[in-house]
Amino acid sequence: MVTEKHFDYIITGGGCAGLSLVYHLMQTPLKNKKILLIEKDVKRHNDRTWCFWEQEKNPFESLVYHRWQQMYFYSHDFAKKLNLSPFTYKMIRGIDFYQHINQQLAAHKNITHLQASVEHIRTMPDGALVKAGGQTYQGDWVFNSIRFAGDEKPSKADQHLLQHFKGWVVKTEQPFFNPEEAVLMDFRVEQHHDCRFVYVLPTDAHTALVEYTIFSEELLSTDAYDVALTNYLEHFLSLRNYHVVHKEFGVIPMTDRPFAAQQSPHIINIGTAGGLTKPSTGYTFLRIQKDTQALVQAMVSQGKPVRSQQKWHKRFDIYDSTLLQVMGRRLYSPEGVFTHLFKNNPEERVLRFLDEATSFWEEVKVAHSVPVSPFMQGMLYAFFRRIF
Ligand SMILES: Cc1cc2nc3c(=O)[nH]c(=O)nc-3n(C[C@H](O)[C@H](O)[C@H](O)COP(=O)(O)OP(=O)(O)OC[C@H]3O[C@@H](n4cnc5c(N)ncnc54)[C@H](O)[C@@H]3O)c2cc1C
């Protein structure tokens, strides 16, 4: 039965993945479908900054806040000025992205933007039911980007690390930064037997985003991030006079536990909830764009949102799992791993490898650039957890 509460598509969560999906739908004839987007927050603040490297232009090129072609890598015994060419490292601010798409949505009467909290999603024979704000909505297809508590239960064999970070946007009175050059990873900070680095992204001579990032099992106390950031600014940048004008904090799962791409035939998981976060790096933004674009293309051409991935491409899951096993089981220091990668490979190969765009022969060269024994062990663990 078609009622007012029936929709062709329901999108739960209006963050990066939900808004990307609706944006890509709006570029096709499917923009005329009856669509419901449910998001609990108003999205008036810049809650995150997305950075990524790419060669081509993405659909949100006009929103790119800053871009860099030169970046630095530092570890305790190695430093390199990275030539990113042919890539550019780009930054998009969450708030610009939310406002851009939400403004476009407002012009579409068939798209309902509901501010409510989704309580649950239930499967039905030809669709799904979504309960939000005390009401129940029926959708032919539901695209879910919400990670519900209890959904993510890693088994013992899975590596489950957290990428947690705190960033400060600092401003200086005097010109201090070079906005043409950024720091991709600085491992010279105390490692505390896990993986810790800082990145510095200057957007003008007075302003930079400085972010302290950790890959580990547990979060730190709130103070610990601030102390680490203060130390870094003082001891590595020799910066004492500055104002912190904005703060961001985030936690991203880094796990080889497979996220369910679908909850049922008509409930498709998207975004981090759909496993789009790259397990070994946490980069997600561009992967979400590719995935939501491909889903929409399949809906246009085949009438349903099917994902196709070549089996051969799945080798990258093994590489991610191997690196997580190496880090999680402390088989080799992550600082050492990244140092070997950047020391022994052209930076372009490293970036394409992390983008899952290398040939098998190039992957052999990447494997050859890191210590063999810990990675063989890590790969064995990765295979065993898959088999058993
Ligand atoms: C601070 C931060 C910085 C990041 N930086 C980068 C980066 O530089 N590069 C990169 O590639 N990736 C980055 N990521 C990782 C990833 O790109 C982002 O997390 C991205 O936002 C994931 O998109 P998503 O749609 O899966 O989740 P989200 O963008 O978090 O969207 C989920 C949405 O669901 C809403 N929601 C949650 N529960 C409910 C509910 N019950 N009812 C209704 N709505 C609900 C939330 O409010 C949110 O808007 C970062 C993540 C964070 C947290």
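Take any residue in the sequence shown, count from 1 to its spot, add 36: that is its number in the numbering used here. Each residue gets a CB set at the ideal place from its N, CA and C atoms; glycine is no exception.
Integer-rounded CB distance, given that Val166 should sit under 8 angstroms from Ala48: By one-based count along the sequence shown, residue 48 stands at place 12. By one-based count along the sequence shown, residue 166 stands at place 130. It should be noted that the sequence gives Thr, not Ala, for residue 48. Right, their Cβ atoms sit about 6 angstroms apart.
Environment of Val429 [buried if 16+ CB atoms lie within 10 Å]: Any question about residue 429 goes unanswered here, given that the chain covers just 37 to 424.
If you count every other CB in all the chains shown that lies within 10 Å of the CB of Lys326, and 16 or more means buried, which is it? Numbered from 1 along the sequence shown, position 290 holds the residue referred to as residue 326. Exposed.
How far does the beta strand (DSSP E) with Gln195 in it extend, from its first residue to its last? For the purposes of this step, residue 195 is taken as residue 159 along the sequence shown, with counting starting at 1. Note, Gln195: premise wrong, no beta strand (DSSP E); not H, not E.
Distance CB(Leu61)-CB(Lys70) smaller than 7 angstroms: Working through the sequence shown from its first residue, we reach residue 61 at position 25. Working through the sequence shown from its first residue, we reach residue 70 at position 34. No. Outside cutoff.
Could you pull out every residue in the same chain whose Cβ sits closer than 6 angstroms to the Cβ of Lys202, ignoring the five residues on either side in sequence? Within the sequence shown, the letter at position 166 stands for residue 202. Annotation for Lys202: Tyr248, Tyr261, Phe285 place their beta carbon closer than 6 angstroms to its own, counting only its chain and skipping 5 residues before and after.
With respect to the beta strand (DSSP E) encompassing Trp89, which residues constitute its N-terminal and C-terminal limits? As a working note, residue 89 is residue 53 in the sequence shown. 85-90 is the extent of the beta strand (DSSP E) around Trp89.
Beta-carbon spacing of Leu178, Ala193 below 7 angstroms: The residue labelled residue 178 in the question sits at position 142 within the sequence shown. The residue labelled residue 193 in the question sits at position 157 within the sequence shown. Inspection of the sequence shows that residue 178 is occupied by Val rather than by Leu. No; because the gap between Cβ atoms is not below 7 angstroms, this pair is not in contact.
Any heavy atom of ligand 1 closer than 6 angstroms to the beta-carbon of Phe213? Mapped onto the sequence shown, residue 213 falls at position 177. Phe213 Cβ: outside cutoff for every heavy atom of ligand 1.
Look up Lys314 in the DSSP assignment and say whether it is helix, strand or coil. Locating residue 314 in the sequence shown gives position 278, where the first residue counts as 1. It is coil, neither helix nor strand.
Within 8 angstroms, do at least three Cβ pairs link the region 51-58 to the region 131-139? Taking 8 angstroms as the limit for Cβ pairs, the verdict is that the region 51-58 does touch the region 131-139.
Can you tell me where the beta strand (DSSP E) holding Ser153 begins and where it ends? Numbered from its first residue, the sequence shown carries residue 153 at position 117. Ser153 -> no beta strand (DSSP E), and no H or E assigned at all.
By the three-class DSSP mapping on this structure, what secondary structure does Ile182 have? As a first step, residue 182 must be located in the sequence shown, where it is residue number 146. In the structure shown, Ile182 adopts coil according to DSSP, grouped into three states.
On a CA-only basis, which of Tyr45, Phe133, Gly364 is nearest His81? Give me that one, please. As a position in the sequence shown, residue 81 is number 45, starting the count at 1. Nearest to His81 by C-alpha distance, out of Tyr45, Phe133, Gly364, is Phe133.
beta-carbon Lys76 near ligand 1 non-hydrogen atom, thresh 6 angstroms: Mapped onto the sequence shown, residue 76 falls at position 40. In this structure, ligand 1 has a non-hydrogen atom nearer than 6 angstroms to the beta-carbon of Lys76.
So Leu198 packs on Ser252, CB below 8 angstroms; how close in whole Å? Indexing the sequence shown from 1 puts residue 198 at position 162. Indexing the sequence shown from 1 puts residue 252 at position 216. A Cβ-Cβ separation of about 7 angstroms places Leu198 in contact with Ser252 under the 8 angstroms criterion.
Contacts around Phe272, its chain only, beta-carbon distance under 8 angstroms, and the 5 residues preceding and following it disregarded: Within the sequence shown, residue 272 is the residue found at index 236, counting from 1. So the list reads Asp222, Arg224, Val225, Val234, once near-sequence residues are dropped.
So does Gly170 have its beta carbon nearer than 6 angstroms to some heavy atom of ligand 1? Along the sequence shown, one-based indexing puts residue 170 at 134. Gly170: no, Cβ never under 6 angstroms from ligand 1.
CA-CA distance, Tyr101 and Arg129? Working through the sequence shown from its first residue, we reach residue 101 at position 65. Working through the sequence shown from its first residue, we reach residue 129 at position 93. So the alpha carbons of these two residues sit roughly 7 angstroms apart.
Beta-bridge partners of Arg388, as assigned by DSSP: Residue numbering aside, residue 388 sits at position 352 when the sequence shown is read from its first letter. DSSP output for Arg388 lists no bridge partner at all.
For ligand 1, is there a heavy atom less than 6 angstroms away from the beta-carbon of Thr358? Mapped onto the sequence shown, residue 358 falls at position 322. For ligand 1, no non-hydrogen atom lies closer than 6 angstroms to the CB of Thr358.
Residue environment, Asp259, which counts as buried when at least 16 other CB atoms sit within 10 Å: By one-based count along the sequence shown, residue 259 stands at place 223. Exposed is the call here.
Going by DSSP, what residue range makes up the beta strand (DSSP E) through Glu75? Counting from one through the sequence shown, the residue named residue 75 turns up at place 39. Boundaries of the beta strand (DSSP E) harbouring Glu75: 71-75, taken from the DSSP string.
Closer than 6 angstroms: Glu284 CB and nearest ligand 1 heavy atom: In the sequence shown, residue 284 corresponds to position 248, counting from 1. For ligand 1, at least one heavy atom lies less than 6 angstroms from the Cβ of Glu284.
Need the endpoints of the alpha helix (DSSP H) that Asp356 sits in, please. Taking the sequence shown and counting its residues from 1, the one referred to as residue 356 is at position 320. It spans 351-364 - the alpha helix (DSSP H) in which Asp356 sits, taken as one unbroken run.
Figure out for me which residue from Val78, Ala115, Leu377, Val336 has the closest Cα to the Cα of Pro65. Position 29 of the sequence shown, counting from 1, holds the residue named residue 65. Here the closest residue by C-alpha is Val336.
What is the rounded straight-line gap between the Cα of Leu464 and the Cα of Lys41? Any property of residue 464 remains undetermined from this structure, which presents the chain solely from 37 to 424.
Consider the C-beta atom of Val219 and the heavy atoms of ligand 1; say whether any pair is separated by less than 6 angstroms. Counting from 1 along the sequence shown, the entry for residue 219 is found at position 183. Result no, Cβ not under 6 angstroms from ligand 1.
Beta-carbon gap between Thr358 and Ala418 smaller than 7 angstroms: Stepping through the sequence shown from its first residue, residue 358 is reached at position 322. Stepping through the sequence shown from its first residue, residue 418 is reached at position 382. Taking the C-beta atoms as reference points, Ala418 is found nearer than 7 angstroms to Thr358.
Got a sec, what are the start and stop residues for the beta strand (DSSP E) Tyr248 sits in? Locating residue 248 in the sequence shown gives position 212, counting from the first residue. Per DSSP, the continuous beta strand (DSSP E) segment holding Tyr248 begins and ends at 243-252.
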